Amino acid sequence: MRIGTVLRDLHHDEKELARTLLRLAEDHRADHEVHHLGHDLAQWSMRHVREIAAIAPAYGQTLDPAPDGTPTLLQSARRAISELSGRSAQMELVMVRDLRDVYLRASGVLTDWEMIGQAAQAIADQELHELATRCQADTKRQATWANAKIKESSTQALVV
Amino acid sequence: MYPFLIRTPVAERNDEEGTVPTEDRITDIWGERTPYARGERWPQRVDGHLAAGVDASDVDAWVQSASTLHSNGDAFDIAVRDGCVVGVRGRADDRVNHGRLGPKDLFGWQGLQSSDRLTHPLIRRDGALVECSWDEAMEAVVGGTKKLLDEQGPSAIGFYTTGQLFLEEYYALALVAHGGIRTNHVDGNTRLCTATAAEALKESFGCDGQPGSYTDVDHADAIALFGHNVAETQTVLWMRILDRLAGSDPPAILCVDPRPTPVARAATVHLAPRPGTNVALMNALLHEVISRGDVDEPWVRAHTVGYDDLEKTVARYSPDVVSTICDVPAVDIRAAGRLLGESQALLSTVLQGFYQSHQATAAAVQVNNLHLLRGMIGRPGCGILQMNGQPTAQNTRECGADGDMAGFRNWSNTDHVADLARIWNVEPTQIPHATPPTHAMQIMRYVEDGSIRMLWVSGTNPVVSMPELARMRSILSQERLFLVVQDIYLTETAQLADVVLPAAAWGEKTGAFTNVDRTVHLSEKAVEPPGQARPDLEIFVDFARRMDLKDKDGAPLVTWSTPEEAFDAWRECSRGRPCDYSGLTYDKLRGGSGVQWPCTEDAPDGTERLYAGGAFWASPDECESYGRDLETGAPLEEQEYRALNPYGRAVIKAADYRPAHELPDEDHPLQLITGRTVYHFHTRTRTARAPELQAAAPEVWVEVSARDAGSYDLREGDLAEVRTRRGEVHARVRVSGIRPGVVFLPFHYGYWDTAEGWRPGEHGRAANELTLTDWDPASKQPIFKTAACSVRKVSDGDGTASPAPRTTASAPVSMSVDTTGGGTR
Chain A
3 MRIGTVLRDL HHDEKELART LLRLAEDHRA DHEVHHLGHD LAQWSMRHVR EIAAIAPAYG
63 QTLDPAPDGT PTLLQSARRA ISELSGRSAQ MELVMVRDLR DVYLRASGVL TDWEMIGQAA
123 QAIADQELHE LATRCQADTK RQATWANAKI KESSTQALVV
Chain B
82 MYPFLIRTPV AERNDEEGTV PTEDRITDIW GERTPYARGE RWPQRVDGHL AAGVDASDVD
142 AWVQSASTLH SNGDAFDIAV RDGCVVGVRG RADDRVNHGR LGPKDLFGWQ GLQSSDRLTH
202 PLIRRDGALV ECSWDEAMEA VVGGTKKLLD EQGPSAIGFY TTGQLFLEEY YALALVAHGG
262 IRTNHVDGNT RLCTATAAEA LKESFGCDGQ PGSYTDVDHA DAIALFGHNV AETQTVLWMR
322 ILDRLAGSDP PAILCVDPRP TPVARAATVH LAPRPGTNVA LMNALLHEVI SRGDVDEPWV
382 RAHTVGYDDL EKTVARYSPD VVSTICDVPA VDIRAAGRLL GESQALLSTV LQGFYQSHQA
442 TAAAVQVNNL HLLRGMIGRP GCGILQMNGQ PTAQNTRECG ADGDMAGFRN WSNTDHVADL
502 ARIWNVEPTQ IPHATPPTHA MQIMRYVEDG SIRMLWVSGT NPVVSMPELA RMRSILSQER
562 LFLVVQDIYL TETAQLADVV LPAAAWGEKT GAFTNVDRTV HLSEKAVEPP GQARPDLEIF
622 VDFARRMDLK DKDGAPLVTW STPEEAFDAW RECSRGRPCD YSGLTYDKLR GGSGVQWPCT
682 EDAPDGTERL YAGGAFWASP DECESYGRDL ETGAPLEEQE YRALNPYGRA VIKAADYRPA
742 HELPDEDHPL QLITGRTVYH FHTRTRTARA PELQAAAPEV WVEVSARDAG SYDLREGDLA
802 EVRTRRGEVH ARVRVSGIRP GVVFLPFHYG YWDTAEGWRP GEHGRAANEL TLTDWDPASK
862 QPIFKTAACS VRKVSDGDGT ASPAPRTTAS APVSMSVDTT GGGTR
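Chains as they are written, first to last, in our numbering: chain A, 3 to 162; chain B, 82 to 906.
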């Protein structure tokens, strides 16, 4: 059965999505909505990581339930830079690119969850199917948010 | 001094006996009771006030108007003598107030006659604002606009307006900005006060529009007030409730508020939750209604979608669980649930305690859900009042001067955009609609990053009212920003402007406006504006002419100029929409007193309640909004909405509780909430210039609980420092009955009446020095109610009480406080 392999990939992708959202939040502290939502939505992925780790042993995988969330020195430096660069309209364009990255990663995770959900139905695994359905809905909301912010910001960032 | 209170219409009044001196209405805020029983008509009581030395026989003319110092819409006549306003008198036959007036109505008009009104346009030369002509000022504005349109296009220009102009003025602004300049950056300070009301109504009913009516007070057997200190914010509405409470068969009252407001004191059940936990509390109340079996299941099945999801969500919020989140006894939550579940005619009202708090829209929507579960909407006594804070906020929303499209049209529905384009005679592509109109906090962000280079502020004072003032000052004082401020005084914000346009105030111009319960009033010009001050409508129309704004046929975009012509244009724009004014005219509003929209040929006397019989404006083709994700704020797509709600039912939206972003920590162990007092309005520009109101609440204060006063060695009258990560404020201490762990600061006090003018001196005075830049993702309303703060003593008081009013929520906890001290003497 290959479900374990996909779960391992998904575990990695959710961690990366959380990391990308946190980095977005820190790099764009001057944009308060992106800063706050970036942190909020990263928590969703971290929760998914824990839940994947909890169910993984049933599919022959041992996965770390705690994504690495400790800020590094580099991150502290990025934070200072992000506050300073808040006075430049160029940052808005950088933010749109970063949101695009979030959107693409979230779309990948969404597809992973769809695959897991299909497989769970195929083997009639109620618990896994329930997890996939719930997490997939979260991921869709993460992607929709990034997409909505891209739409909104593009009308300003690309025309100034 | 010969002030008096008119208890009966002037014509019938024959002596002074039995009347209460008006000056007592500062301490006797709600006046005498006129009790009435359930289902009876609220008795009349005519309140009035005339200036010292003026008698009713001295009055040359009484001019019809209504209040612009709160959102209640109290109708009154302005007394004029020798070309000056000399007083006011309530309109007995008005549906809103039945003659009554509150302290701000009685005394607030004096602000008009202040000697420091703006009387000339001002322009910045060599760093200083100097007087100039209207031509010079407008040419500077027009030149700046044209230059930026050439260099960058409409995205360089933003408009930030208010909730205090007239309908005609907002409509002119919306047409000029959206249809003429074609910028998407138009919003009002209504973002700070009523954005959540609008969003919550859109989420639940597909469209903005107040379901309830003030007359629901007459019929309700229970009234629930959620974060709404009505006794101070809408005094006349509270008088109506007090009169029901004094009559036979009084309603039960539920109050949700962390402060011991007059409402809390009168309540059957009072819940004082920890700030930032409203959604958890609401979920527990819905949990109780469902588990008690009080859901009107056939009604829910026939008229709503989304019930199953709500049932599943609130199942997790038992009173015991929520009791620890909110720090409210579970037994009280159950009592509140019983009160709501047993009611046969429930009226709910919601205001800033929910709107300016964490998860604002999610919490306000749960109040709508409560009524949907119980099938209590559109019938006498069964009303929802998602309140407004400002007198004309409703019109900012309707006319599209606040981040909506005119006439509650849906910006993401191409048919709606095309319909508006038809009315304006412009191409649909000329009206920006690729994305939701930019909200105020985002406008400020674009000013900060330099992509908005011209900001035109009308009738509001962001340098005091917006959160995190140090940031706001640094944004608006940027050299690269062209700042235009249109106001009646040289406010803190005006002092930063490049061009200042002196506006005529209420009473000096004619226009219509609409209150919380959709009642439209006409306010006629009573006196001339001072100096060269001009009505806001005239300024916007003049701008359109000078800009040579054209429709698609090359004719002028703005074809009208008088208020009545503008009103008639708006009637056409609103025709067929939920906020339909097509049956209203100035003549109809004149003499009569107050008509509720929709007012059409079919409903010539207006419409008392919306959604009778469970019929909503929520079908995919009609709705104003497809809704948003309450937690992320992302707009729903049309297809999603069609799938969710194909038949246009009310939408029950569930929400999980999430902790606030800024929680108390070791350095900031308390929670700061900001708010208002009955004696002042907004940033105090008008009320501080009315001597009685200013004397009643002359200076900022800070409320702490007796427990926290003990912990931090604070006594009544001590000078304290309140500090958050953003800044500090010095204020004298009022030890009150506020919830322990919570600190309250009134937000009215800025710097225009201090030596520094627009910024703090050594220490902060404005509450917004301390608030954080964060907002509700769905309504984009900033959060003023969950900042983590510390408090420490700066110096001992001299034994006198703090300047906080003793008559209201800020009353001292100990009656031993010197009763001659404090603001209200």
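We put the beta carbon where it would ideally sit given N, CA and C, even for glycine. These numbers were taken from a predicted model, which means no experiment stands behind them.
Query: If contact is defined by three or more beta carbon pairs under 8 Å, each pair taking one atom from either stretch, is the segment 659–673 of chain B in contact with the segment 123–138 of chain B?; Result: no
Query: Do you know offhand how far glutamine 315 of chain B's Cα is from serine 152 of chain B's?; Result: 7 Å
Query: Name the two residues that bound the continuous beta strand (DSSP E) containing glycine 754 of chain B.; Result: The amino acid occupying residue 754 of chain B in the given sequence is isoleucine; glycine does not appear at that position. First-last of the beta strand (DSSP E) with isoleucine 754 of chain B: 751–756.
Query: For arginine 52 of chain A, decide whether its Cβ has a neighbour in chain B, counting only Cβ atoms nearer than 8 Å.; Result: no
Query: Chain B partners of alanine 91 of chain A, CB-CB under 9 Å?; Result: Tyr527, Asp530, Gly531 and Ser532
Query: Verify the contact flag: alanine 365 of chain B, CB atom, against every heavy atom of the ligand MN, threshold strictly below 7 Å.; Result: You won't find the ligand MN in this model; it holds no ligand whatsoever.
Query: Which complete beta strand (DSSP E) runs does the segment 489–555 of chain B hold, if anything under 3 residues is left out?; Result: 535–539
Query: Can you give me the C-alpha to C-alpha distance between phenylalanine 157 of chain B and alanine 696 of chain B, rounded to a whole angstrom?; Result: 35 Å
Query: Could you spell out the range, first to last residue, of the beta strand (DSSP E) harbouring tyrosine 252 of chain B?; Result: Not the beta strand (DSSP E): tyrosine 252 of chain B falls in the alpha helix (DSSP H), residues 248–255.
Query: Could you name each continuous beta strand (DSSP E) segment of 3 residues or more that falls completely within the segment 116–201 of chain B, going from the start of the chain to the end?; Result: 129–131, 142–147, 156–162 and 165–171
Query: CA-CA distance, glycine 112 of chain B and arginine 106 of chain B?; Result: 7 Å
Query: Closest by CA to proline 740 of chain B, which one among A/Leu112, A/Tyr105, A/His38 and A/Ala79?; Result: A/His38
Query: Closer than 8 Å, CB to CB, is serine 404 of chain B near chain A or not?; Result: no
Query: Is the beta carbon of aspartate 617 of chain B closer than 8 Å to that of glutamine 576 of chain B?; Result: no
Query: If you drop the 5 nearest sequence neighbours on each side, which residues of the same chain put their C-beta closer than 8 Å to that of glutamate 217 of chain B?; Result: Pro202 and Ile204
Query: Quick check on leucine 582 of chain B: does DSSP put it in helix, strand or coil?; Result: strand
Query: Output needed for glutamate 98 of chain B: all residues of its chain with C-beta closer than 6 Å, excluding positions within five of it in sequence on either side, in chain order.; Result: Confidence at glutamate 98 of chain B is low in this model, with a pLDDT of 35, below 50, so its placement is unreliable and the value that follows should be read with caution. No residues qualify anywhere along the chain.
Query: Tell me, which residues are paired with isoleucine 204 of chain B by DSSP?; Result: B/Val211 and B/Val580
Query: Between the C-alpha atoms of tyrosine 105 of chain A and glycine 756 of chain B, what's the straight-line distance to the nearest angstrom?; Result: 39 Å
Query: From the DSSP output, in three-state form, read off methionine 82 of chain B for me.; Result: Note that methionine 82 of chain B scores a pLDDT of 28, beneath 50, so its modelled location is shaky and nothing firm can be said.
Query: Quick test of your reading: threonine 342 of chain B and asparagine 310 of chain B, contact by CB under 8 Å. State the CB separation rounded to the nearest angstrom.; Result: 4 Å
Query: State the CB to CB distance for the pair valine 785 of chain B and valine 872 of chain B, rounded to an integer number of angstroms; the pair is presumed to be in contact (CB under 8 Å).; Result: 6 Å
Query: Can you tell me which of B/Arg321, B/Ile322, B/Leu323 and B/Arg415 puts its alpha carbon nearest to the alpha carbon of methionine 363 of chain B?; Result: B/Arg415
Query: Among the residues of its own chain, which have a CB less than 7 Å from the CB of aspartate 114 of chain A, if the five just before and after it don't count?; Result: Val8, Asp11, Leu12 and Asp15
Query: In the DSSP assignment, find the beta strand (DSSP E) that holds tryptophan 856 of chain B and state where it starts and stops.; Result: That residue, tryptophan 856 of chain B, is in no beta strand (DSSP E); it is neither H nor E in DSSP.
Query: Who are the Cβ neighbours of arginine 906 of chain B in its own chain at under 8 Å, not counting the five residues just before and after it?; Result: Because arginine 906 of chain B sits at a pLDDT of 35, beneath the cut-off of 50, its placement in the model cannot be relied upon, and the point is left open.
Query: Short of 7 Å in beta carbon distance, which residues of its chain neighbour cysteine 407 of chain B, apart from the five on each side in sequence? Order them along the chain.; Result: Pro354, Arg355, Thr358, Ala361 and Leu362
Query: Using a Cβ-Cβ cutoff of 8 Å, what residues of the segment 227–239 of chain B are near chain A? List them in chain order.; Result: Gln233, Gly234, Ser236 and Ala237
Query: What whole-angstrom Cβ distance do threonine 541 of chain B and tyrosine 241 of chain B have, given they're in contact under 8 Å?; Result: 7 Å
Query: Can you find a C-beta in chain B that's less than 8 Å from the C-beta of lysine 153 of chain A?; Result: yes
Query: For a contact meaning CB atoms closer than 8 Å, what does histidine 34 of chain A contact in chain B?; Result: Met522, Arg526, Thr854, Asp855 and Trp856
Query: Can you name the residues of chain A whose CB is closer than 9 Å to the CB of aspartate 710 of chain B?; Result: Arg143, Thr146, Trp147 and Ala150
Query: Just the C-alpha distance for leucine 753 of chain B and valine 528 of chain B, rounded to the nearest angstrom, thanks.; Result: 28 Å
Query: Is the segment 169–185 of chain B touching the segment 322–336 of chain B, taking contact as three or more C-beta pairs under 8 Å?; Result: no
Query: For asparagine 469 of chain B, which option in B/Leu451, B/Val402, B/Arg767 and B/Thr430 has the closest C-alpha, if you only look at C-alpha atoms?; Result: B/Thr430
Query: Going by DSSP, what residue range makes up the alpha helix (DSSP H) through glycine 239 of chain B?; Result: That residue, glycine 239 of chain B, is in no alpha helix (DSSP H); its beta strand (DSSP E) goes 238–242.
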